[in-house]
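As given, the protein sequences belong to chains A and B, one line each in that order.
Per the working numbering: the first sequence = residues 903 to 1252.
Per the working numbering: the second sequence = residues 903 to 1252.
Notes follow once the structure below has been shown.
2 protein chains.
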Amino acid sequence: MKKLIYLFSFLILLSCSGNQGDSTLEATLSTGQIVEEQGPITLVIHGGAGTITRDAMSADMESEYRAKLSESLNAGYQVLENGGSSLDAIIEAIQVLEESPLFNAGKGAVFTHEGRNELDASIMDGKTGMAGAIAGVSNIKSPISAARAVMENSPHVMMSGQGAEQFALEQGLEIVEPDYFHTDKRYQQLQDVLEKENNEGTSAYLYENPDRKFSTVGAIALDKDGNIAAGTSTGGMTNKRYGRIGDSPIIGAGTYADNTTCGVSSTGHGEFFIRNIVAYDIAALMKYKNMSLNDAAEEVVNNKLAAINGSGGIVSLDRAGNVAMKFNTEGMYRGYINEKGSPQVFIYKD
Amino acid sequence: MKKLIYLFSFLILLSCSGNQGDSTLEATLSTGQIVEEQGPITLVIHGGAGTITRDAMSADMESEYRAKLSESLNAGYQVLENGGSSLDAIIEAIQVLEESPLFNAGKGAVFTHEGRNELDASIMDGKTGMAGAIAGVSNIKSPISAARAVMENSPHVMMSGQGAEQFALEQGLEIVEPDYFHTDKRYQQLQDVLEKENNEGTSAYLYENPDRKFSTVGAIALDKDGNIAAGTSTGGMTNKRYGRIGDSPIIGAGTYADNTTCGVSSTGHGEFFIRNIVAYDIAALMKYKNMSLNDAAEEVVNNKLAAINGSGGIVSLDRAGNVAMKFNTEGMYRGYINEKGSPQVFIYKD
Chain A
903 MKKLIYLFSF LILLSCSGNQ GDSTLEATLS TGQIVEEQGP ITLVIHGGAG
953 TITRDAMSAD MESEYRAKLS ESLNAGYQVL ENGGSSLDAI IEAIQVLEES
1003 PLFNAGKGAV FTHEGRNELD ASIMDGKTGM AGAIAGVSNI KSPISAARAV
1053 MENSPHVMMS GQGAEQFALE QGLEIVEPDY FHTDKRYQQL QDVLEKENNE
1103 GTSAYLYENP DRKFSTVGAI ALDKDGNIAA GTSTGGMTNK RYGRIGDSPI
1153 IGAGTYADNT TCGVSSTGHG EFFIRNIVAY DIAALMKYKN MSLNDAAEEV
1203 VNNKLAAING SGGIVSLDRA GNVAMKFNTE GMYRGYINEK GSPQVFIYKD
Chain B
903 MKKLIYLFSF LILLSCSGNQ GDSTLEATLS TGQIVEEQGP ITLVIHGGAG
953 TITRDAMSAD MESEYRAKLS ESLNAGYQVL ENGGSSLDAI IEAIQVLEES
1003 PLFNAGKGAV FTHEGRNELD ASIMDGKTGM AGAIAGVSNI KSPISAARAV
1053 MENSPHVMMS GQGAEQFALE QGLEIVEPDY FHTDKRYQQL QDVLEKENNE
1103 GTSAYLYENP DRKFSTVGAI ALDKDGNIAA GTSTGGMTNK RYGRIGDSPI
1153 IGAGTYADNT TCGVSSTGHG EFFIRNIVAY DIAALMKYKN MSLNDAAEEV
1203 VNNKLAAING SGGIVSLDRA GNVAMKFNTE GMYRGYINEK GSPQVFIYKD
């Protein structure tokens, strides 16, 4: 009986999937069933989605982004190649991005309304279903490593503010002065927004950045043992106020991983991603509707989210090594690697 | 084709659902399809799940709990009866519980390790898909009303700490001195835990309360227009540290509402509820597997959560007026009302 239903589901999926615009790597899975066979070690990353166009990007800047994404992919892949775990690989890949001022995470974090940097991160282990997250921290050099410490060394999933900073200190994580996160470029972005607010009388917290860049970073890896791990790290929104928490530290919204379905890391207009439980919804469509990773990710990002103007994207990976990188914005910094020395990096739609 | 699949799903559901232990009101829906027909105005609430046994409860205490749960149900139902919205009804019902020292929310909030009260709450509107949440606030009299203000008067879903308090102040919500939340009973509970920690050398943050009461409160309503709203409010865990955030303010874990499936409010060991995206998972099983509310709630609470020792429960409601109140603990303060003057209140398993 079950098989019959799978078959019918498959036929329905087939009949719907003919003309969907696809801005991603094609998934090879097409059976409509949850994957059993394990794929090669693979790492997929993103560095944020938004209004990223060729016209607005200098050749030098594009090279910088491509080089840093490749560096991140190579660093994480080396961990996998040496037999390391998917958790170790994503930490390595994300830390390369956190330490770069190019991306809105760690060193390159955007500024809050009050001129601070408040960082969020989360991580999930698809083998055990354990997870960790931190929100609103200002002095932890690597937020993703703090999320991992919460997962592995506390009974909690989520810690916030000064309490989370205290925990990180006790855990021996690297603590920095808050101005470690100061970059002139990000500070100027805040000043531009504040000036605009001032001139236009826009209520501060209703202000939306016109270029709508959601430059969170994230990574998902599949290791030699078939374990999937996913992680996300961000500085949040420029000019955020009121201790706003976005989707990045929310398990099920910004990050999700389960060996039996997939790992997902989100980047986008966080409020939409929280309300639509984006990361878990992709896994739920695979688990409950027997969709392929590609179809599930397409459905959530380009049908459900796009229909309500929920801007952003996701990168994801399943146990067969299928990669889906979906976004409904003009671009998304992204890439994957499943073969030594061959990181595949993309920025625009085509 | 779709109908055929629904039929098969129905047959499968029937064949599996014969001998499940059921600690709830029986759901009347049995077609295995998402409900189309609108039920009567209904309100369902909970006041927390845990080791609640007849042996440990005095007759007086039981009467107090029953009276307060009935008062909450009557207050919320009156809103619905007067043609009010499901959002207004759950606010009314939850505020009765927040203002009572009996429940771990608002006035009766438990204490953190540092001897503070840090409150969390969230709300979701099943008609619009909008949501609001606050985490770690210490001076907002009604946390659920602050969650609603975040939903209705800001572009954000989640605010935390002093930023959330500042927002509530600007919104004109009632601000109280932090010691408004001090009750001797809860303070003594913290002292007992601290003493035990001290004597047994248990690491503070690894300590688990032996009586395992998760006395969050929550409510879901269905109004005359067929709109579902859900809300949850809590003081969190006694002796919590490090700015720990549980599931109550997490959309998809502690609270979820969607007119096309159901509304859910959770109470339990929050970390398990976050990792398993409990509230949304029930809706996902209805939406993607055509399960009834009763079967979906049973699957999540008494199969999935119980299998990993994820203690707690949920109350839920669908558009047909079906109520499911599921828990895998010894008791859960709970009740529903769908007829004037007849609140139905329960505490134990039977």
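Glycine included, each C-beta is placed from N, C-alpha and C at the ideal position.
Since the structure is predicted, the reported quantities are computational estimates derived from the model, not experimental observations.
Nearest to residue i (by Cα), restricted to the options the options
i	options	result
S974/A	I996/A, M1193/A and A951/A	I996/A
Q1091/A	T1140/A, Y1250/A, E1016/A and M1234/A	T1140/A
Y1250/B	M1234/B, N1240/B and E1241/B	M1234/B
E1099/B	V1166/B, K1142/B and A1181/B	K1142/B
L1004/B	T1085/B, V1180/B and A1222/B	T1085/B
G1120/A	G1156/A, F1069/A and G1034/A	G1156/A
I947/A	A958/A, N976/A and Q940/A	N976/A
M1026/A	I1184/A, R1221/A, I1130/A and D1252/A	I1130/A
A1070/A	V1059/A, H1058/A, Y1089/A and S1047/A	S1047/A
D957/A	E1067/A, D1094/A, V1039/A and E1232/A	E1232/A
G1137/A	E1001/A, V1203/A and N1211/A	E1001/A
M1053/B	L989/B, V981/B, G1063/B and S1040/B	L989/B
Local conformation of residue i per DSSP, three classes
i	result
I954/B	coil
I996/B	helix
S1218/B	strand
K1236/A	The sequence shown places Arg at residue 1236/A, not Lys. Residue state, collapsed to three classes: strand.
Y1144/B	coil
L1187/A	helix
F1005/B	coil
L1124/B	strand
D1252/A	coil
V1059/B	coil
K1029/B	coil
V1078/A	coil
S1150/A	coil
I1046/A	helix
Span of the beta strand (DSSP E), counted from its first residue to its last, around residue i
i	result
K1228/A	V1225 to F1229
S1168/B	C1164 to G1170
L1195/A	Careful: L1195/A lies outside any beta strand (DSSP E), inside the alpha helix (DSSP H) at L1195 to E1200.
A1132/B	I1130 to T1136
T1118/A	Run containing T1118/A: none; DSSP gives neither H nor E here.
A1159/A	T1157 to A1159
Rounded straight-line distance, which links the Cα of residue j to that of residue i
i	j	result
H1015/A	K1191/A	43 Å
Y979/B	R1050/B	19 Å
V1217/B	F1174/B	17 Å
E966/B	E994/B	19 Å
T944/B	P1151/A	34 Å
M963/A	N1019/A	24 Å
G986/A	G1133/A	16 Å
L971/B	G1214/B	18 Å
A1209/B	S1117/A	38 Å
A1023/B	V1012/B	14 Å
Y1182/A	Y1082/A	34 Å
E983/A	G1028/A	19 Å
H1171/B	V1225/A	34 Å
A951/A	I992/B	37 Å
A1035/B	N1178/B	19 Å
A1199/A	E1067/B	37 Å
S1040/A	V1095/A	21 Å
F1248/A	A961/A	14 Å
N1230/B	G1031/B	29 Å
E1102/B	A1033/A	28 Å
Limits of the alpha helix (DSSP H) - the one that residue i falls within
i	result
V1095/B	D1086 to E1102
F1013/A	No alpha helix (DSSP H) holds F1013/A; DSSP gives it neither H nor E.
A1066/A	G1063 to E1072
Q980/A	A961 to E983
Environment of residue i [buried if 16+ CB atoms lie within 10 Å]
i	result
T933/A	Low per-residue confidence applies at T933/A: pLDDT is 41, beneath 50, and the placement is therefore not dependable, though the value from the model is reported in the following sentence. It counts as exposed.
P942/B	exposed
P1045/A	buried
D1127/A	exposed
K1228/A	buried
S1056/B	buried
P1245/B	buried
K1087/A	exposed
D1125/A	buried
I1042/A	buried
Residue i: contacting residues in chain D (beta-carbon distance under 7 Å)
i	result
R1143/B	You won't find chain D in this structure, because its protein chains are A and B.
Proximity test, residue i beta-carbon vs the ligand MN heavy atom, cut-off 7 Å
i	result
D1094/B	The ligand MN is not among the ligands present in this structure, which contains no ligands whatsoever.
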